[in-house]
Amino acid sequence: MKPAPFNYHAPSTTEEAVGLLAELGSQGRILAGGQSLFQLMNFRVVKPENLIDINPVSELDYIRVDDGTLAIGARTRQSALERSTEAARHSPLIVEAVKNVAHPSVRNRGTVGGSVAYADPASELPAVVLTSGGEVVLTGADGQRTLSAGDFFRGPYTNACSPDELLTEVRLPRWPDGTGHAFLEFQRKHGSYALVGTAVLVHLDGESIDRVAISLCGVDQTPVRASRAEDLVRGNVPSDGLFEEAAAEATSDLHPLPDVKGSAAYRLKLARVYVRRALELAVSRAKGERP
Amino acid sequence: MVETREESAERKWVGKSIQRIEDPRLLLGRGGYIDDMRLPGMLHAALVRSPHAHARIKSVNVEAARRLPGVTAVVTGEEAAELCNPMPDFGPDPTRHEWRCLAKDKVRYVGEGVAAVVAESRAVAEDACDLVEVEYEPLPPVVDPEAAMEPDSPLVHDALGSNIAYEKTMVFGEVDRDFEGADVVVSDHLRWHRSSGQPLETVGAIGNFDPGSGMMTIHVNSLTFTSYLFMVANTLKVPSNRLDIHPHPAGGSFGSKFWAVKVAIIAGMLAKHTGRPVKFIEDRVDNISNSDHHGSDRTYQVELAATRGGILKSLRVKVVDDYGAYIQFGVGHHGNALAQAVGPYRIGSLQYELHAVLTNKCQQGAYRGFGSEVQNWVLERMVDLMARELEMDPVELRRKNFIQPDQFPYFIPNGNLYDSGNYEGVLDKALELSDYESWREEQRRLREEEGRYVGIGICTAQERSVFSATEFWFWFDEPAAPVTSMPESVTLDVDAMGNITATLYSCAFWGNSPETMVAQLVAEEFDVEPSQVNVVYSGTNQGLPATGPGGSRFTVMIAGAVQGASKKIKDKAFKIAEHLLEAAPGDLEWSEGGVAVKGSPDRRKELSEIAMAAHLFKHSLPDEIESGLEADQVYDHPYTTMPSEDRKNLGVFYPFVGHACHIPVVEVDIETGKVSFLRYTAVHDAGTVVNPRSLNGHIIGGIAQGLGTALLEEFVYDESGQLLTSSYQDYLIPSALDVPEVVVGHHETPSPYTVHGIKGAGEGGRMMAPAAISSAIDDALRPLGVRVRELPATPERILGWIEAAQAQSSS
Ligand SMILES: Cc1cc2nc3c(=O)[nH]c(=O)nc-3n(C[C@H](O)[C@H](O)[C@H](O)COP(=O)(O)OP(=O)(O)OC[C@H]3O[C@@H](n4cnc5c(N)ncnc54)[C@H](O)[C@@H]3O)c2cc1C
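So the sequence lines, in the order shown, correspond to chains V and S. 104 is the number of the first residue of the first sequence in our numbering; add one for each residue after it. 17 is the number of the first residue of the second sequence in our numbering; add one for each residue after it.
Shown next as structure tokens:
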């Protein structure tokens with residue numbers, strides 16, 4: 104199981120990488136952690152003529168807080184995110200989520216930018232970026248642009264990056280103190296892709312919910328934000344009945360892609376259970392009842 | 017992990033937990049795997065595989081592939097049919113379902129090889145595979161075995177005229193009478209889907225042909241059945257004495273490398289064709305789709321008869337087994353099932369109706385249990401169902417029907433023999449180790465107070481060991497191949513320093529512990545340290561008769577060989593010592609690794625002194641003593657008898673029968689169908705244990721695999737015969753994180769027929785875990801009226817069963 108022949112380029116700066124992309128156009132392909140790309144190449148599903156390896160681009164390896172926004176460089180390893188105290192303070196949701204990505208050995212190579220760019224509909228990190236109201240920074244030869252997560256994810260394994268752009272940063276805004284978070288997912292076995300994952304952020308104002316975000320992965324062409332379910336919950340006092348209703352609403356218009364690990368109908372049932380459970384967990388955390 | 021076992025007093029090394037001799041090599045990355053081996057001038061091969069389940073090969077155009085720089089040769093199926101004879105086949109009527117190393121005329125499953133490319137590197141070989149143009153004429157695929165049995169079904173093999181490769185009903189004892197006389201009959205429809213062993217290293221071989229001598233040498237990490245390698249020589253068109261197979265560590269087999277000869281044959285064929293050494297190693301897709309070693313794929317209709325008081329009387333089994341495109345071992349898998357068809361119970365009669373069907377899938381081979389694990393599952397499902405029907409405690413129903421210790425040796429209705437056992441002893445130990453009673457309490461509490469669905473499963477089942485070849489052919493009037501007793505051999509050689517080398521003659525290292533076993537067994541015989549024993553493997557060409565692992569036979573058989581060879585050496589050592597010590601024959605005894613005069617232990621000769629004399633000073637010894645201190649021993653199956661002419665009695669064919677009781681505690685999430693483990697207890701009786709530590713490994717590893725079979729693993733073919741699970745993304749094998757910690761206990765009932773009383777135990781955990789886990793899921797979902805009737809019990813299936821039961825109870 105060997106890839107088709109390819110040329111290899113190893114730029115050491117973002118500028119060089121972007122220059123190569125401009126030069127090679129659609130003949131060039133970014134190599135980050137290789138944890139998804141090499142599978143596709145070894146199966147010869149893709150046969151890129153040129154690989155542009157961004158592993159040497161160390162300037163894209165950072166986790167920092169700029170103006171209350173958590174900024175993660177695209178080349179940051181998933182395991183670095185998992186261990187980052189900065190990230191845990193600022194966005195415990197993404198740290199909880201990244202622990203569900205594969206196994207430690209995969210996270211040691213896989214990058215945050217690669218996971219987001221790959222736009223696998225079952226992936227955890229894209230769902231978290233969407234939940235948090237995050238953004239993605241794309242850098243091309245002509246400069247940078249910033250897209251909201253909602254605009255970035257276009258379909259299964261499809262994003263809004265044009266062939267000459269490099270995803271350079273992922274940005275997550277900070278949610279207010281006291282926000283409860285929950286990332287829960289259903290895996291057939293430890294470390295395998297989620298059949299269904301749910302990311303929830305909830306903030307309470309006194310008894311009732313004043314801010315809420317709910318997203319799901321593994322249940323449609325892209326990660327999806329359950330806006331109608333959020334509307335249903337917002338302004339209300341949390342209760343079992345409310346969670347149940349929100350879960351029903353969140354899963355009322357989804358189109359999961361079935362595979363041997365789970366049919367579409369089963370994924371929908373799971374989604375409903377998991378939205379409810381994630382809401383329960385996030386609310387109990389917002390109330391300080393659970394760590 | 018708790019280990020409960022009293023060390024045996026009479027033996028010094030047999031029974032001791034020593035560290036595995038194989039481990040340092042493996043842990044240092046020096047395992048000697050085939051993929052690390054390079055011969056000078058070696059080329060690499062890759063296969064063009066069929067994308068169709070069933071299609072006629074109209075043409076194969078290899079011109080572009082041959083022209084690619086770095087490509088040495090491209091061999092099509094048609095050319096391979098010139099270079100090689102058909103594959104060795106133990107099945108019925110092999111000429112009517114001819115099997116070849118590369119498909120000729122027709123492809124019969126997705127993944128079947130169509131052409132082989134040889135190149136300077138594997139990468140170039142794969143580039144060239146992309147350039148081979150095969151024109152196919154798709155044919156209607158045969159996927160569903162029931163439909164395949166219909167007379168108008170398309171045919172997998174035209175020459176056979178049917179897709180039914182074999183069918184037969186065997187009746188042992190008064191089945192009809194027992195059913196008529198029964199108070200209660202339970203019946204069920206059960207389904208076991210196909211899965212297979214997943215080796216860490218796939219099957220690989222390096223062929224090397226010397227045109228000068230005509231010698232074909234093949235290095236291979238698979239293969240057992242060493243005594244049958246003449247069949248491989250025939251396929252390769254080389255004389256049997258000019259084929260030498262060099263065994264390498266298998267990187268795991270679990271049966272899947274039992275007779276994985278195709279890779280070796282392809283490598284050998286290509287080496288002969290190109291005149292250079294050729295390595296061919298399967299990639300994971302090759303292995304999953306084209307291994308020739310998928311496991312059982314069975315649909316059952318079963319009936320069990322009993323009295324109202326819970327005495328089990330008779331069992332009727334009807335099974336359809338989907339063999340895939342070929343049937344290399346015939347229906348030996350069902351011989352295996354028959355070996356322990358009535359389990360540990362006094363069931364007096366048995367009917368077994370078998371339909372072996374061919375379809376467009378990868379063919380079946382061997383997988384840990386070889387089909388008897390499926391029978392265990394089926395029987396235990398039925399016993400649980402009977403307990404429910406009779407409203408009896410499943411533990412008590414089992415206890416009531418156990419064959420009793422004083423009934424051994426015990427002949428089951430079909431004539432096979434159980435040598436010894438103490439099933440209640442095993443059961444009681446398992447109940448105790450698992451805290452069975454307190455878990456029953458806890459189960460009630462969790463159900464009532466927290467609404468949780470916790471279940472306690474039980475399985476009491478057999479592990480037959482040490483097959484005799486009759487199980488492959490008693491189905492037919494004539495044996496398919498000339499068969500012997502499946503011997504195993506060893507050579508022991510004591511060098512001038514008194515160090516011992518043991519030479520093994522089969523590809524014994526499957527991930528089991530053959531070297532540890534042999535070192536301990538030799539140490540036991542000579543009363544030396546196991547570290548004094550070096551274990552090596554012979555190529556088959558200089559080899560003594562051997563079979564290798566499979567059917568949990570290796571330790572029992574090699575123990576016999578070691579004992580025989582040791583006795584020959586010790587007899588000679590005594591003669592030399594008589595001379596050196598000037599003692600009379602009767603006055604000497606073996607003591608502390610040497611020979612001493614009885615009663616005066618100071619007058620002694622160490623083995624090294626005796627060996628030195630034997631090797632260097634022959635002329636100072638009596639005339640009849642020849643130089644050297646070595647011995648061969650070929651050990652034949654110690655207890656097998658021939659089947660009767662009418663096959664109403666199959667004879668003794670699998671007589672060393674271990675037993676185990678597994679008690680898992682699981683929780684089922686009834687909203688998702690997910691099963692998780694709270695505890696797992698396994699007590700095994702494998703007769704005398706050689707090394708509890710390595711046996712624990714077998715038990716735990718087998719449980720991990722059994723868990724995979726029960727909950728995760730399934731090769732899924734869609735209705736067009738496409739394999740949907742050709743990588744580990746979709747074919748799910750449990751990892752360490754998915755397997756519970758296992759509490760292991762041992763109970764030892766020695767076999768009266770084997771050396772030291774050892775029984776085989778290599779398949780252990782997987783023989784029981786699917787049944788035990790199914791039972792636990794049933795128990796958890798009992799309030800909902802759900803029973804497991806299909807494996808793997810995936811969460812989606814479980815949720816479906818729950819919903820179906822709820823729909824039924826509300827209507
Ligand atoms: C066994 C296993 C299990 C896994 N399980 C999970 C899981 O449960 N959840 C999950 O989310 N993922 C899982 N993954 C995938 C893993 O998380 C990958 O790391 C991730 O999908 C891709 O990241 P990467 O850095 O490896 O990118 P690569 O594989 O190098 O690249 C992936 C794709 O993104 C493009 N790309 C990468 N970086 C950039 C960039 N900066 N700008 C533009 N394009 C870019 C590449 O060109 C390529 O097309 C698993 C992988 C394995 C091997």
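The C-beta atom is built at its ideal place from N, Cα and C for all residues, glycine as well.
Exercise. Any heavy atom of ligand 1 within a distance shorter than 6 Å of the CB on Val-209 of chain V?
Worked result: Here residue 209 of chain V refers to the residue found at position 106 when the first sequence is read from its first residue. Because some heavy atom of ligand 1 lies under 6 Å away, the Cβ of Val-209 of chain V counts as near it: yes.
Problem set entry | Residue closest to Lys-588 of chain S, alpha-carbon to alpha-carbon, out of S:Asp-639, S:Val-544, S:Gly-559 | Along the second sequence, one-based indexing puts residue 588 of chain S at 572. With distances taken between Cα atoms, Lys-588 of chain S lies closest to S:Asp-639.
Problem set entry | Distance cut-off 6 Å: Ala-113 of chain V Cβ against heavy atoms of ligand 1 | Looking up residue 113 of chain V in the first sequence gives position 10. No.
Exercise. Does the beta carbon of Met-144 of chain V come closer than 7 Å to any beta carbon on chain S?
Worked result: Translated into the one-based positions of the first sequence, residue 144 of chain V becomes position 41. So, not an interface residue.
Problem set entry | Helix, strand or coil at Glu-494 of chain S according to DSSP, with G and I counted as helix | Taking the first residue of the second sequence as 1, we reach residue 494 of chain S at position 478. If DSSP states are grouped into helix, strand and coil, Glu-494 of chain S belongs with coil.
Problem set entry | Gly-365 of chain V at chain S interface by Cβ criterion, 7 Å | Numbered from its first residue, the first sequence carries residue 365 of chain V at position 262. At least one chain S Cβ lies under 7 Å of Gly-365 of chain V.
Problem set entry | Any C-beta of chain V under 7 Å from that of Asp-662 of chain S | Locating residue 662 of chain S in the second sequence gives position 646, counting from the first residue. Cβ-Cβ to chain V under 7 Å: no for Asp-662 of chain S.
Problem set entry | Buried/exposed call for Thr-249 of chain V, threshold 16 Cβ in 10 Å | Counting from one through the first sequence, the residue named residue 249 of chain V turns up at place 146. Looking at its Cβ environment, which holds fewer than 16 other Cβ atoms inside 10 Å, Thr-249 of chain V is exposed.
Exercise. Any chance the region 195 to 213 of chain S sits against the region 234 to 241 of chain S, with 3 or more Cβ pairs inside 8 Å?
Worked result: no
Exercise. How should Leu-443 of chain S be labelled, buried or exposed, when 16 other C-beta atoms within 10 angstroms of its C-beta is the threshold for buried?
Worked result: On the second sequence, position 427 is the one that residue 443 of chain S refers to. Buried, because 16 or more other Cβ atoms sit within 10 Å of the Cβ of Leu-443 of chain S.
Exercise. Of all Cβ atoms in chain S, is any one closer than 7 Å to the Cβ of Arg-291 of chain V?
Worked result: One-based indexing of the first sequence puts residue 291 of chain V at position 188. Output row for Arg-291 of chain V: interface = yes.
Exercise. Beta-carbon of Leu-373 of chain V versus every beta-carbon of chain S: anything under 7 Å?
Worked result: Residue numbering aside, residue 373 of chain V sits at position 270 when the first sequence is read from its first letter. So, interface residue.
Problem set entry | Stretch-stretch touch, CB-based, cutoff 8 Å, three pairs: the region 415 to 435 of chain S with the region 352 to 367 of chain S | yes
Exercise. Straight-line CA distance for Gly-609 of chain S to Lys-591 of chain S?
Worked result: Taking the second sequence and counting its residues from 1, one reaches residue 609 of chain S at position 593. Taking the second sequence and counting its residues from 1, one reaches residue 591 of chain S at position 575. Taking the straight line joining both Cα atoms gives about 16 Å.
Exercise. Between the region 669 to 691 of chain S and chain V, which residues of the former have a C-beta closer than 8 Å to a C-beta of the latter?
Worked result: Glu-687, Thr-688, Lys-690
Exercise. What is the DSSP secondary structure of Phe-731 of chain S, counted as helix, strand or coil?
Worked result: By 1-based counting over the second sequence, the position of residue 731 of chain S is 715. Phe-731 of chain S falls in the coil class under three-state DSSP.
Exercise. Looking only at C-alpha atoms, which of S:Val-506, S:Leu-694, S:Met-513, S:Asp-543 sits nearest to Glu-531 of chain S?
Worked result: To locate residue 531 of chain S, count along the second sequence from 1; it is residue 515. If we check each option's Cα against that of Glu-531 of chain S, S:Val-506 comes out closest.
For this session: Report yes if the C-beta of Ser-33 of chain S is less than 6 Å from at least one heavy atom of ligand 1; otherwise report no.
Result: Here residue 33 of chain S corresponds to residue number 17 of the second sequence, with the count starting at 1. No, ligand 1 has no heavy atom inside 6 Å of this Cβ.
For this session: Please list the residues of the region 266 to 297 of chain V that have a C-beta atom closer than 8 Å to any C-beta atom in chain S, keeping them in chain order.
Result: Phe-289, Arg-291, Lys-292, His-293, Gly-294, Ser-295, Tyr-296
For this session: Examine chain V for any beta-carbon lying closer than 7 Å to the beta-carbon of Asp-746 of chain S, and answer yes or no.
Result: Start at 1 with the first residue of the second sequence, and residue 746 of chain S comes out as number 730. Chain V, which has a Cβ nearer than 7 Å to the Cβ of Asp-746 of chain S, makes this yes.
Problem set entry | Host alpha helix (DSSP H) of Trp-606 of chain S (start-end) | Here residue 606 of chain S refers to the residue found at position 590 of the second sequence. Trp-606 of chain S -> not in any alpha helix (DSSP H); beta strand (DSSP E) instead, spanning 604 to 607.
Exercise. Thinking C-beta only, is His-264 of chain S closer than 7 Å to Ile-50 of chain S?
Worked result: Within the second sequence, the letter at position 34 stands for residue 50 of chain S. Within the second sequence, the letter at position 248 stands for residue 264 of chain S. Contact flag set, yes.
Exercise. Roughly how many angstroms separate the alpha carbons of Arg-281 of chain S and Gly-555 of chain S, rounded to a whole number?
Worked result: For the purposes of this step, residue 281 of chain S is identified with residue 265 of the second sequence, where counting begins at 1. For the purposes of this step, residue 555 of chain S is identified with residue 539 of the second sequence, where counting begins at 1. This sequence places Ile at residue 281 of chain S; Arg is not what is there. Rounded to the nearest angstrom, the two C-alpha atoms are 16 Å apart.
Exercise. Is Val-301 of chain S near ligand 1, going by C-beta to nearest heavy atom under 6 Å?
Worked result: As a working note, residue 301 of chain S is residue 285 in the second sequence. Flag unset: Cβ of Val-301 of chain S not near ligand 1.
For this session: Let me know the secondary structure DSSP gives Asp-125 of chain S once reduced to three states.
Result: For this step, residue 125 of chain S is matched to residue 109 along the second sequence. According to the sequence shown, residue 125 of chain S is Tyr rather than Asp. In the structure shown, Tyr-125 of chain S sits in coil (DSSP, three-state: anything other than H, G, I, E or B).
For this session: For Leu-43 of chain S, go through chain V and note every residue whose CB falls closer than 7 Å to its CB, in chain order.
Result: Here residue 43 of chain S corresponds to residue number 27 of the second sequence, with the count starting at 1. Those within 7 Å of Leu-43 of chain S in chain V number zero; the least Cβ separation is about 18 Å.
Exercise. Whole-angstrom Cβ separation of Arg-332 of chain S and Val-318 of chain S, contact assumed at under 8 Å?
Worked result: Within the second sequence, numbered from 1, the residue matching residue 332 of chain S stands at position 316. Within the second sequence, numbered from 1, the residue matching residue 318 of chain S stands at position 302. Right, their Cβ atoms sit about 7 Å apart.
Exercise. Using DSSP with H/G/I as helix, E/B as strand and the rest coil, what is Pro-421 of chain S?
Worked result: Along the second sequence, one-based indexing puts residue 421 of chain S at 405. Of the three classes helix, strand and coil, the one that applies to Pro-421 of chain S here is helix, per DSSP.
Exercise. By Cβ distance, which residues of its chain are closer than 6 Å to Tyr-368 of chain S, with the 5 residues on each side in sequence left out?
Worked result: Numbered from 1 along the second sequence, position 352 holds the residue referred to as residue 368 of chain S. The residues are Met-186, Val-333.
Exercise. If we ignore side chains and look at the alpha-carbon of each, how far apart do Trp-115 of chain S and Leu-176 of chain S end up?
Worked result: Here the question's residue 115 of chain S lines up with position 99 in the second sequence. Here the question's residue 176 of chain S lines up with position 160 in the second sequence. Using only the alpha carbons, I get a separation of about 13 Å.
For this session: Put Ala-820 of chain S into one of helix, strand or coil per three-state DSSP.
Result: On the second sequence, position 804 is the one that residue 820 of chain S refers to. Ala-820 of chain S falls in the helix class under three-state DSSP.
Exercise. Does Tyr-111 of chain V get closer than 7 Å to chain C when you measure Cβ to Cβ?
Worked result: Note that chain C does not occur in the displayed structure, where the protein chains are V and S.
Exercise. In chain order, which continuous runs of the beta strand (DSSP E) of length 3 or greater are located wholly inside the region 124 to 204 of chain V?
Worked result: 131 to 134, 153 to 156, 166 to 169, 172 to 176
For this session: Using a Cβ cut-off of 8 Å, pull out every chain V residue sitting near Thr-741 of chain S, in sequence order please.
Result: Taking the first residue of the second sequence as 1, we reach residue 741 of chain S at position 725. What Thr-741 of chain S touches in chain V: Val-363.
For this session: Measure the alpha-carbon distance for Gly-217 of chain V versus Arg-138 of chain S and round it to whole angstroms.
Result: Along the first sequence, one-based indexing puts residue 217 of chain V at 114. Along the second sequence, one-based indexing puts residue 138 of chain S at 122. Distance between the alpha carbons of Gly-217 of chain V and Arg-138 of chain S: 29 Å.
Exercise. Hey, out of V:Gly-294, V:Arg-393, V:Asn-339, V:Leu-345, whose CA is closest to Asp-754 of chain S's CA?
Worked result: Position 738 of the second sequence holds residue 754 of chain S. Checked all of V:Gly-294, V:Arg-393, V:Asn-339, V:Leu-345; the closest Cα to Asp-754 of chain S is V:Gly-294.
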